[in-house]
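3 is the number of the first residue of the sequence shown in the working numbering; add one for each residue after it. The C-beta atom is built at its ideal place from N, Cα and C for all residues, glycine as well.
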Amino acid sequence: EMSDELLTEISYVNISKYRTKVMKSLEGSIDTSQIAKNSGIRTNHILKVLSELKSHELVECINPEVRKGRLYRLTDKGGEVVNDI
3 EMSDELLTEI
13 SYVNISKYRT
23 KVMKSLEGSI
33 DTSQIAKNSG
43 IRTNHILKVL
53 SELKSHELVE
63 CINPEVRKGR
73 LYRLTDKGGE
83 VVNDI
């Protein structure tokens, strides 16, 4: 059975079409332009959505020290959420 925390996060992602699309477009480690291409969402929206998803520990940046070409991937929790949306 799913934990309350996981159900809460699934709901959090599901109420936003953008969050859902960004989460589903994250396969492997990809940059924002690739996320934009995969999801059909403009880059300025993606940065906002990524920051929301990071605050919920669903997505992480694996090279935060760089200014350009940051790579994002799902966390373990994010992976569980994606499997259920």
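Going by DSSP in three states, E7 sits in which element: helix, strand or coil? The count along the sequence shown starts at 1 and reaches residue 7 at position 5. Here E7 sits in helix by DSSP.
Rounded to whole angstroms, what is the Cα-Cα separation between I87 and K79? As a position in the sequence shown, residue 87 is number 85, starting the count at 1. As a position in the sequence shown, residue 79 is number 77, starting the count at 1. Spanning the two alpha carbons is a distance of roughly 13 Å.
On a Cα-Cα basis, can you pick out the residue from K56, T34, N40 that is closest to N46? On the sequence shown, position 44 is the one that residue 46 refers to. With distances taken between Cα atoms, N46 lies closest to T34.
May I ask you to report which of helix, strand or coil DSSP gives V61? On the sequence shown, position 59 is the one that residue 61 refers to. In the three-state reduction of the DSSP assignment, V61 falls in the strand class, which pools E and B.
Going by the CB atoms, is the gap between R75 and V51 shorter than 8 Å? As a working mapping, residue 51 is identified with position 49 in the sequence shown. As a working mapping, residue 75 is identified with position 73 in the sequence shown. No. Outside cutoff.
Distance, S5 Cα to S53 Cα: By 1-based counting over the sequence shown, the position of residue 53 is 51. By 1-based counting over the sequence shown, the position of residue 5 is 3. Each residue's Cα considered, the two are about 24 Å apart.
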